[in-house]
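Read through the structure below, which is laid out as C-alpha cells, and then see the notes.
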Amino acid sequence: MSVKKITIEPVTRVEGHGKVTILLDESGQVSQARLHIVEFRGFERFIQGRPYWEVPVLVQRLCGICPVSHHLAAAKAMDGIVGVDQLTPTAEKIRRLMHYGQMFQSHALHFFHLVSPDLLFGFDADPTERNVIGVARKFPDLAVQGVMMRKYGQEIIKATAGKKIHGTGAVPGGVNKNLSSAERDEFLKEIDQMLAWCRGSLKIAKDYTLEHIDELADFGSFDSNHVSLVREDGAMDLYHGNLRAITKDGDNIFDQVDYQDYFKYIAEEVKSWSYMKFPFISELGPENGWYRVGPLARINTCDFIDTPEAEAARKDFLSVTDGKPNNITMAYHWARMIELLHSGEKIRELLNDSDLQGDDLMAKGERRGESVGLIEAPRGTLFHHYKVDENDQVTMANLIVSTTNNNTPMNRAVEGVARKYLSGAEITEGLLNRVEVAIRAYDPCLSCATHAMGRMPLVVELENAAGQRIDRRVRD
Amino acid sequence: MSDSITITIDGKEIEARPEQTILEAADAAGVYIPRLCSHPDLKPIGSCRVCVVLCDGRPQAACVKPVMDGMVIENETPAILQHRKNIIDMMFVEGNHFCMFCEKSGSCELQALAYRFGITAPQYPFQFPEKEIDASHPDVMLDHNRCVMCARCVRASQELDGKNVFQSIGRGFERKIGVNGERALGDTEMEATDRAAELCPVGCVVKKRVGFATPIGRRDYDAAPIGSNIEGERS
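In order, the protein sequence lines correspond to chains A and B.
Residue numbers for the first sequence follow the working numbering, so the first one is 1 and each next one is one higher.
Residue numbers for the second sequence follow the working numbering, so the first one is 1001 and each next one is one higher.
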C-alpha cells in the first residue's frame, strides 16, 4: 500500500482562506498534516521606498480584521525611528484604548460569529444549522450580544483612529487626536452592559471547556512552548512589554527580552508548501523551538493580570492544570474570553482617566535608522521591524504576524485530529468538521499571515505515497 | 464702458467685471466650476481641462477665458459633466493614486473631485506607470506617482517664491515634473517654507514628516464636498 494524502479546502469560518493536506504512510496511518497558505502579497517588498510616516497607515492594509494591530505595531516601530521611547501620557492611553477596543471587537467577533456554532451545536451538527445564522435563530440574545459587543469595540476604534477600519490615529511619536469628553460619556453609558456580557461569554467558554475536558484534552492538543510580551513586573500587557518564552511546564526559556533584539531569539524557517513562514526560538532550533502565541500563550506566560475580574478568571483557568501552563488547544476559547473581560475592564479604567482628554499628543526625539515594534494582537504577538534611510525611506521591512507564530502549532493540531478521527482513506464530514474546529481555536488570520490577497476557499486532499490524489473534498 | 457686465451660466444671469475670467466670475457669484490646475494665487494656464465649459457653444477653459458681455455659458450639461469625469478618470489611471495610504487623502483635490462626480472605480484600464519618489530633500518630498501635471508647483516656485525649482519636461504620456538641480530635489534651492511646497492639489509635493497629523474628520473635504465653499457664498 502506498502513502496517501487528504486535502481539506477551504477551511471555513477563519479569517482568510487555507487548505489542509493529510499525508498517509504506507500502512494508511497519518504521517503528517499540513495547513497550506497559498496566497502571497509581498507587503515587505513593496513598502520599500515609501516614507516612514506612511507605514502605520499603509501596512495595516494587510488586513481588514485587525488593522489596528498592524497600525499600532508599525506606529510603535516608527516611534523608534523618530527617537521616541516614551509617548506622552495622553498619546499612550489613546493608543491603548484603541488597542483594547480592537481586542474587544476581534475576540467578540471570533467567539460569537465564528466559534459559537461549534460550541453551541456540537462538532457534528448539521452544517446548515451550525453557523452564525443558526445561532441567531436558536440563541438570538447571544447573537445580538455578539453584534453589540463588536460594535462597541469598533466605535472605540473609530473615536481614537478616525475610522472603524483603516484609521490614521497613531502617528510616529504620538497620536493625532484625543478623546472628547462627549465621546467618553457615550462609551461610559454602555460599559457596564459590555462587562456583564463579557462575564456571560466567559462562563459559556469555561463551562464548555470543563464539561468536555476529557475529550478536549485529547483534541488536537500537544505540549508546546509559549511566547508573549509581559510587563516588567510580569503582568499581562497587550500593548507593550518585553518578550518572555516558557516551556510546556512553565520554565523560562528567556524572559524580559527587549523586543528590539527579537531577532537574536526568534528565527524563521521557510517550507516549500506554504507562503507562511515557520518561526522558532533560535536556541532550541526548528524541531523543538516552535511555540504558541495568542490568548492561551498569554495566560500561560504572564504572572498575573492587573484587572481584578480577569485575574480571578486566570486563576480559575490555571487551577485546571494545577497552576502549570495549559496546553489544550481548545482552551484557547476560554483564554480568549478572559482577555475579552480584561479588555473590557481596561476600557473602563481608561475611560475614567482624564489623560484621554489631554492636548499633549506628540513627543520628539533623535532620528534613528532601525526600529522594531511589537504588540500583542488578538491572535498573538505581532512583530514589525523596519530600517529607514537618511532620506526617510523604508529600506527593509520584516513582519512576523501573529498567525505565522502559530503556524507549526496549527499543523500539529490538524495532525492530532487527523490521527484520531481519520478512518481509512476517505474524508468524512466528521473529520472535515474537526480539522476546522482545531484550526479555528487559533483564530488564524490567513490573509495577514501571508500578507495575502484575494479569496481562497478550503480544500482537504488525501494523497498516496506516490503523490497521487486519492480523495478530495471541497467546501466553498 | 460699464464696470459691470452680464453673463449667463446655465440659464442664470450673473453680474461680472470685464477683467474677470469665467471662473472668477462664477466663483464670485457662487457658481462652482470644477478645476484642478487653477489656484487663486497663481496665473491660470488652462492645462488640466477640468474647468472646460461651453462658451457660446464652444469648449473653453473657464480659468483662462475672460468674460464678455452677454456670454452664454453651459457648465453642468450632461456632456460637460461626462467630459470632466473622463478627464478625472484618466488622471487616476495615468498615475499611481493609492488613496488608502496617501497622506493627502481627505484633503486631496483629485480625490475630492472624484467623490463629487461619483467616480467609484475607473472606467479606463490602469496604466500602472513606473514612477519615482524623490525624497532627497530634507524637508520636501516629491512622489511622482501622484502627480497630475497641473504645474502648480512650477508656477508657485516662479511666481510666488521667485525661484525656478520645478519645470515640466517631456512630452505626452512621458511628461513629468522635473527639478532644476544637478540630480534631484535635494540639489535645488527649494525650502520647506516655499509656497511651491503648499499648493500641490494632490500628494505629489508634500512637506516631510507631516503625514497623517490631521485626524480623519478634520481634513479639508471630510465635512463637505469640494466646491461647497464657493456654492455656500451664493446665498
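Virtual Cβ for every residue (Gly too), placed ideally from N, Cα, C.
State buried or exposed for residue i, treating a residue as buried only when at least 16 other CB atoms are found within 10 Å of its CB.
i: residue 1164 of chain B; result: exposed
i: residue 24 of chain A; result: buried
i: residue 1124 of chain B; result: exposed
i: residue 1022 of chain B; result: buried
i: residue 154 of chain A; result: buried
i: residue 1109 of chain B; result: buried
i: residue 210 of chain A; result: exposed
i: residue 1205 of chain B; result: buried
i: residue 1044 of chain B; result: buried
i: residue 345 of chain A; result: buried
i: residue 378 of chain A; result: buried
i: residue 237 of chain A; result: buried
i: residue 1012 of chain B; result: exposed
i: residue 319 of chain A; result: exposed
I'd like the span of the alpha helix (DSSP H) that includes residue i, first residue to last.
i: residue 90 of chain A; result: 89-108
i: residue 120 of chain A; result: 116-121
i: residue 200 of chain A; result: 181-211
i: residue 330 of chain A; result: No alpha helix (DSSP H) holds residue 330 of chain A; DSSP gives it neither H nor E.
i: residue 141 of chain A; result: 140-161
On the DSSP letters alone, give me the boundaries of the beta strand (DSSP E) that residue i sits inside.
i: residue 32 of chain A; result: 30-36
i: residue 1059 of chain B; result: 1058-1061
i: residue 385 of chain A; result: 380-388
i: residue 226 of chain A; result: 225-230
i: residue 395 of chain A; result: 394-400
i: residue 72 of chain A; result: Not the beta strand (DSSP E): residue 72 of chain A falls in the alpha helix (DSSP H), residues 67-81.
i: residue 1172 of chain B; result: Residue 1172 of chain B -> no beta strand (DSSP E), and no H or E assigned at all.
i: residue 256 of chain A; result: 252-257
i: residue 244 of chain A; result: 242-246
i: residue 84 of chain A; result: Premise fails: residue 84 of chain A is in no beta strand (DSSP E) and is neither H nor E.
i: residue 373 of chain A; result: 370-377
i: residue 1141 of chain B; result: 1140-1143
i: residue 279 of chain A; result: 278-281
i: residue 19 of chain A; result: 19-24
Sorted by chain position, which residues of the same chain lie with C-beta nearer than 8 Å to residue i's C-beta, five sequence neighbours on each side aside?
i: residue 212 of chain A; result: 330
In chain order, what residues of the same chain have a beta carbon less than 6 Å from the beta carbon of residue i, not counting five sequence neighbours either side?
i: residue 415 of chain A; result: 33
i: residue 1008 of chain B; result: 1072
i: residue 130 of chain A; result: 117 and 121
i: residue 167 of chain A; result: 161
i: residue 150 of chain A; result: 105, 108 and 109
i: residue 136 of chain A; result: 143
i: residue 400 of chain A; result: 279 and 383
i: residue 442 of chain A; result: 406 and 410
Give me the Cα-Cα distance between residue i and residue j, rounded to the nearest whole angstrom.
i: residue 58 of chain A; j: residue 412 of chain A; result: 33 Å
i: residue 80 of chain A; j: residue 351 of chain A; result: 27 Å
i: residue 1147 of chain B; j: residue 1202 of chain B; result: 7 Å
i: residue 461 of chain A; j: residue 22 of chain A; result: 7 Å
i: residue 1003 of chain B; j: residue 1067 of chain B; result: 13 Å
i: residue 364 of chain A; j: residue 88 of chain A; result: 10 Å
i: residue 158 of chain A; j: residue 1224 of chain B; result: 19 Å
i: residue 444 of chain A; j: residue 134 of chain A; result: 23 Å
i: residue 18 of chain A; j: residue 85 of chain A; result: 38 Å
i: residue 1027 of chain B; j: residue 1118 of chain B; result: 22 Å
i: residue 456 of chain A; j: residue 9 of chain A; result: The predicted position of residue 456 of chain A is uncertain, since its pLDDT is 32 and thus under 50; a value taken from the coordinates is nonetheless stated next. Straight-line Cα distance between these residues: approximately 9 Å.
i: residue 216 of chain A; j: residue 321 of chain A; result: 13 Å
i: residue 304 of chain A; j: residue 93 of chain A; result: 21 Å
i: residue 1184 of chain B; j: residue 1199 of chain B; result: 20 Å
i: residue 68 of chain A; j: residue 177 of chain A; result: 15 Å
i: residue 1181 of chain B; j: residue 1187 of chain B; result: 5 Å
i: residue 1094 of chain B; j: residue 1032 of chain B; result: 26 Å
i: residue 451 of chain A; j: residue 397 of chain A; result: At residue 451 of chain A the pLDDT is 35, less than 50, meaning the model places this residue with poor confidence and gives no usable figure here.
i: residue 419 of chain A; j: residue 471 of chain A; result: 17 Å
Counting only the same chain and skipping the five closest in sequence on each side, list residues whose C-beta sits under 7 Å from that of residue i.
i: residue 421 of chain A; result: 430, 431 and 434
i: residue 1192 of chain B; result: 1139, 1140 and 1207
i: residue 246 of chain A; result: 225, 226, 252, 253, 300, 301 and 325
i: residue 1239 of chain B; result: There is simply no residue 1239 of chain B to check, as chain B begins at 1001 and stops at 1235 in what is shown.
i: residue 257 of chain A; result: 242, 243 and 265
i: residue 1059 of chain B; result: 1052
i: residue 173 of chain A; result: 79, 82, 84, 362, 363 and 364
i: residue 1231 of chain B; result: 1030 and 1032
Inter-stretch contact at 8 Å, needing at least 3 Cβ pairs: the region 195-214 of chain A / the region 263-274 of chain A: no
Does the count of Cβ pairs from the region 341-361 of chain A and the region 180-188 of chain A closer than 8 Å reach three? yes
Can at least three beta-carbon pairs, one atom from the region 41-51 of chain A and one from the region 388-397 of chain A, be found at a separation below 8 Å? yes
Using 8 Å as the Cβ pair cut-off and three pairs as the minimum, do the region 253-264 of chain A and the region 193-201 of chain A touch? no
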